[in-house]
Structure formats: C-alpha cells, structure tokens
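*Asks:*
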Amino acid sequence: MTGFDELEPQTPELVRPYVITKGRGLPDEEQLSLITLVTAVADRQQRPTRLSPEEQSLLELCSAGYLSVAEIAGHTQLPLGVVKILLAALTEGGYLITRPPVQRAPVADREILEEVLNGLRAKFG
Amino acid sequence: MVSGPSLDEQAYVREGASQTAVKILVVGHFAVGKTTFIGAISEIPPLSTEETMTRAAEAVDDLKGVQGKTTTTVAMDFGRLTISDRVVLYLFGTPGQQRFVQMWEDMARGALGALVLVDPERLADSFAVIDLIEQYGLDYAIAVNHFDGSPLRDETALRDALDLLDDTPVVTCDARDEQSSAEALITLVRHLQDRAH
Ligand SMILES: Nc1nc2c(ncn2[C@@H]2O[C@H](COP(=O)(O)OP(=O)(O)O)[C@@H](O)[C@H]2O)c(=O)[nH]1
Ligand SMILES: [Mg+2]
Chain A
62 MTGFDELEPQ TPELVRPYVI TKGRGLPDEE QLSLITLVTA VADRQQRPTR LSPEEQSLLE
122 LCSAGYLSVA EIAGHTQLPL GVVKILLAAL TEGGYLITRP PVQRAPVADR EILEEVLNGL
182 RAKFG
Chain B
3 MVSGPSLDEQ AYVREGASQT AVKILVVGHF AVGKTTFIGA ISEIPPLSTE ETMTRAAEAV
63 DDLKGVQGKT TTTVAMDFGR LTISDRVVLY LFGTPGQQRF VQMWEDMARG ALGALVLVDP
123 ERLADSFAVI DLIEQYGLDY AIAVNHFDGS PLRDETALRD ALDLLDDTPV VTCDARDEQS
183 SAEALITLVR HLQDRAH
C-alpha cells in the first residue's frame, strides 16, 4: 500500500470515521454507487487549503485518472461509507467529477451484454 | 501530515470516449474460491474493502452513547476488466450472509448478473447464497469449482440439490485458471443475453 501508510490503521473505534467525515451523512446510492467513476477536476491549480488531510489525499489519488468508488476505498483502506461521504463532499465542492454507471434499460442492457461478451472473447480467446 | 498516494498508471481506468462501468457479482460460501476466481482474471491486483455493519450515519448516532463499541466489518473483494473504450467491468466477490444487508444492496443494485461458485462436496452451503441472489432478482449461472480436478460427476443430482431452473447454466471451472474462469464468466454473460431477449 502506498501513500496512505501514514493514515491511521483501521480500528474498531467509531470516533475516527465521525471526525473525518465531519459528521456528514451518507450520500444516496444514485449519486455515488460502488462503480461510479470519479476523477479530480483538471483545471484546479492550487490545492485548496481548507480540506482535511484525508480529503486532500483522496483528491490526490483521483488526480491521475478515473477510479471507481470501490477502488478508491480499496486503495485507501478507509471504510466504504467514509469514502463515499468524503467523495460526495469533494464533488459538491467542485473538486471532483463523477461518471455514474449506465442506467439499466432493456436496450442498453442488450448492447452492453453484447459488448461485454465480445470483450471477454477478445481478451481470453 | 498525510503524504500523497502514488498509484501507477495501470491502476487507473483506461480513459475511453465515454467509459462507463458495469458489474457482475461472484458469490458463494466461505472458501469456495471467490477471491481466487477474481484474482485469476482481474487486470488489477484484487482489492478489498469493508462496509461497516451499521451505516455511517447511524454509527454517528451510536457514538453519542456507546463509545468504543466495536462494529463488525465485512470484506468484499473485487477486480476490474477493461472491456472496450466504452465499458469497464467490475467483478465483486462477496460471501452469502444474509445479515450483510447493506453490502448486498450496494452490490446487487444495477448488477448485470451473478456467477455462483459452488463446491460439489458442500452443496448445502450454497443454498443461502442462491436464495439471496434470487431474492435480489439477479439472473445467475452456477460455476462448480472442482477442487480435486475431477469432473462433475452428476449434473442432474446437482441441479436437483440446488433446485435450479432448467435453463440455468452449470459449468465447471478451476478458479485458479484464467482461461477456465473466463469461460465461466462468458457462460454467464451468454445466459444474461438470453434472459434479456
Ligand atoms: N485445488 C484448488 N484450490 C482452490 C481452487 N479455488 C480456490 N482454491 C483454494 O481454496 C481456498 C479458498 O479460496 P478463496 O478464493 O480464498 O475462497 P473465498 O473465501 O470464496 O474467497 C484457497 O486456499 C484457494 O487457494 C481450485 O479451483 N482448486
Ligand atoms: Mg475471499
């Protein structure tokens, strides 16, 4: 694990999640699902100073490309709920942009399944 | 002071024109081979994350009275496969416990379908997870992880034991093998296509 080594290891205490999320509630699922793709807004020049160390680290993590919410939680080893709350706050603050998963609909499903099948076949022969 | 994380380029989702994410669940009882399966075909080293049992917001309320109360956490693991410029596929592995409701809801919502790994020697251990998958309305295929390398002896008996519909695919796979795992996944996707028509 890189970078986040200096974050406190996860403990069963609840105090820490409360502090780092500043007591905010969970964003709803439509806004940030496990597979919502997230990246930092590119044209923001200097790092804002009012962000917490955890928020700054998340922003840093997201600055080199897209990652899913699940991957962000995996890389940071923060609990998923905490990550979602912090990402929602950063998105609201204009620091992050999110790309939600496709809406499920019969036509979209058939197209996507076709694409997934072809992709798997191309990859694994 | 928190240092900036540094991930290499491969850790990020390949930038496509309008890349969007889809997911498939890989479920099964403890030690059936979920993590092995995901590791065999994921393009990134498999990751895991924990969902606190109580939702964070509720945990905050709990705090007021119950300092130091321990929350149970549960791991889900996952991997990623870039399908095309348009689609990136995530595989989420999870154990079948009914009590991890929040995690199941997060994982099942919007999933294309599920691959249920079963151990033919421990079929009864798969009942709970199949019930859950059906409860969430997910289409699924069965992948029999043949630990000892022996072929599946009796598919009919397995179908009966698991009470499968006639059109539910049953494949055998070796979760340690990329090709074999990919074939199980392809079987599932073909089944999902049939169901979508
Ligand atoms: N012989 C054999 N061992 C396997 C196979 N799949 C998984 N295992 C082993 O079974 C154990 C449990 O697998 P794991 O993937 O951790 O199961 P999980 O709890 O479902 O994630 C591990 O020690 C694996 O190495 C298989 O196809 N053949
Ligand atoms: Mg596992």
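Residue numbers (this note's numbering), protein chains in the order written: chain A, 62 to 186; chain B, 3 to 199.
C-beta atoms are modelled at their ideal positions from N, C-alpha and C, and glycine is treated no differently.
Please read these numbers as outputs of a predicted model, since none were measured by experiment.
#1: Thinking just about the alpha-carbon of each residue, which of B/Ala-77, B/Val-15, B/Ala-163 is nearest to the one in B/Val-90?
#2: Where does B/Ala-143 fall in DSSP's three states?
#3: Indicate, with yes or no, if ligand 2 has a heavy atom lying under 8 angstroms from the CB of B/Thr-37.
#4: Could you tell me the distance, in whole angstroms, from the CA atom of A/Leu-139 to the CA atom of B/His-31?
#5: Buried or exposed: B/Gly-112, going by 16 or more other Cβ atoms within 10 Å of its Cβ?
#6: Is the beta carbon of B/Asp-141 within less than 8 angstroms of some heavy atom of ligand 2?
#7: Determine the chain A residues that contact B/Gly-112 at a beta-carbon separation under 7 angstroms, and present them in chain order.
#8: List, from N- to C-terminal side, the alpha helix (DSSP H) runs of 4 residues or more that fit wholly inside the stretch 114-150 of chain A.
#9: Taking only beta carbons into account, state which residues of the stretch 135-155 of chain A come closer than 9 angstroms to chain B, listed in chain order.
#10: Could you check whether the Cβ of A/Leu-181 sits closer than 9 angstroms to any Cβ belonging to chain B?
#11: Would DSSP call B/Glu-238 helix, strand or coil?
#12: Apply the 10 Å Cβ neighbour rule to A/Glu-115 and answer buried if 16 or more other Cβ atoms are within range, or exposed otherwise.
#13: Quick check: the Cα distance between B/Glu-180 and B/Leu-187, rounded to an integer number of angstroms?
#14: Going by alpha carbons, who is nearest to A/Thr-159 out of A/Leu-120, A/Leu-178, A/Arg-111?
#15: Could you check if B/Pro-97 belongs to the surroundings of ligand 1, using beta carbon to heavy atom distance under 8 angstroms?
#16: Whose CA, out of B/Ser-183, B/Ala-13, B/Thr-51, B/Ala-33, lies closest to the CA of B/Leu-125?
#17: Given that A/Arg-171 touches chain B, what residues does it touch there, using C-beta distances under 8 angstroms?
#18: Nearest-angstrom Cα distance between B/Ala-184 and A/Leu-112?
#19: Could you spell out the range, first to last residue, of the beta strand (DSSP E) harbouring B/Gly-95?
#20: Between A/Gly-135 and ligand 1, is there a pair consisting of the residue's CB and a ligand heavy atom that are separated by less than 8 angstroms?
#21: Terminal residues of the continuous beta strand (DSSP E) containing B/Ile-26?
#22: For the alpha helix (DSSP H) that B/Thr-38 lies in, which residues bound it at each end?
#23: Could you list which residues in chain A have their beta carbon closer than 9 angstroms to that of B/Arg-192, in chain order?
#24: Kindly indicate if chain B contains any beta-carbon less than 9 angstroms away from that of A/Pro-70.
#25: Taking just the CA atoms, how far does A/Ala-150 sit from B/Ala-130?
#26: According to DSSP, is B/Ser-128 part of a helix, a strand, or is it coil?
#27: Anything in chain B within Cβ reach of A/Leu-128, meaning under 9 angstroms, just list it in chain order.
#28: Got a sec: which bits of the stretch 37-52 of chain B sit with their beta carbon under 7 angstroms from any beta carbon on chain A, in order along the chain?
#29: What residues from chain A crowd round B/Ser-202, counting only those whose CB sits closer than 9 angstroms?
#30: Using a Cβ cut-off of 9 angstroms, pull out every chain B residue sitting near A/Leu-112, in sequence order please.
*Replies:* From the atom records:
#1: Residue nearest to B/Val-90 within the set B/Ala-77, B/Val-15, B/Ala-163 is B/Val-15 (criterion: CA-CA distance).
#2: In the structure shown, B/Ala-143 sits in a strand (DSSP, three-state: E or B).
#3: The closest heavy atom of ligand 2 lies less than 8 angstroms from the beta carbon of B/Thr-37.
#4: Each residue's alpha carbon lies about 25 angstroms from the other.
#5: With 16 or more other Cβ atoms from the protein chains shown falling within 10 Å of its own Cβ, B/Gly-112 counts as buried.
#6: Taking non-hydrogen atoms of ligand 2 into account, the C-beta of B/Asp-141 is found less than 8 angstroms away from none of them.
#7: Ordered by position in chain A, the residues that pass the 7 angstroms Cβ test against B/Gly-112 are Ser-94, Pro-162, Arg-165.
#8: Those alpha helix (DSSP H) runs which fall completely within the stretch 114-150 of chain A and span 4+ residues are 114-122, 130-137.
#9: The residues in question are Gly-135, His-136, Thr-137, Gln-138, Leu-139, Pro-140, Leu-141, Gly-142, Val-143, Val-144, Lys-145, Ile-146.
#10: Yes, contact with chain B.
#11: One cannot answer for residue 238 of chain B here, as it falls past the ends of chain B, which runs 3 to 199.
#12: A/Glu-115 comes out buried.
#13: C-alpha separation (whole angstroms): 11 angstroms.
#14: Between A/Thr-159 and the set A/Leu-120, A/Leu-178, A/Arg-111, the nearest pair of CA atoms involves A/Leu-120.
#15: Because some heavy atom of ligand 1 lies under 8 angstroms away, the Cβ of B/Pro-97 counts as near it: yes.
#16: Nearest C-alpha to B/Leu-125: B/Ala-33.
#17: Within chain B, the residues near A/Arg-171 are Gln-195, Ala-198, His-199.
#18: In this structure, the straight-line span from the alpha carbon of B/Ala-184 to that of A/Leu-112 is close to 43 angstroms.
#19: Per DSSP, B/Gly-95 belongs to the beta strand (DSSP E) from 89-96.
#20: A/Gly-135: no, Cβ never under 8 angstroms from ligand 1.
#21: Per DSSP, the continuous beta strand (DSSP E) segment holding B/Ile-26 begins and ends at 22-29.
#22: B/Thr-38 -> alpha helix (DSSP H) spans 36-43.
#23: When 9 angstroms is used as the limit between beta carbons, B/Arg-192 is near these residues of chain A: Leu-174, Leu-178, in chain order.
#24: Since pLDDT at A/Pro-70 reaches only 45, below the 50 mark, its modelled position is unreliable, and no value is offered.
#25: Using only the alpha carbons, I get a separation of about 37 angstroms.
#26: Of the three classes helix, strand and coil, the one that applies to B/Ser-128 here is helix, per DSSP.
#27: Those are Leu-9, Ala-13, Tyr-14, Val-15, listed as they occur along chain B.
#28: Those would be Leu-49, Ser-50, Thr-51, Glu-52, in chain order.
#29: With chain B represented from 3 up to 199, any question about residue 202 of chain B goes unanswered, as that position is not in the structure.
#30: What A/Leu-112 touches in chain B: nothing, since even the nearest Cβ is about 11 angstroms away.
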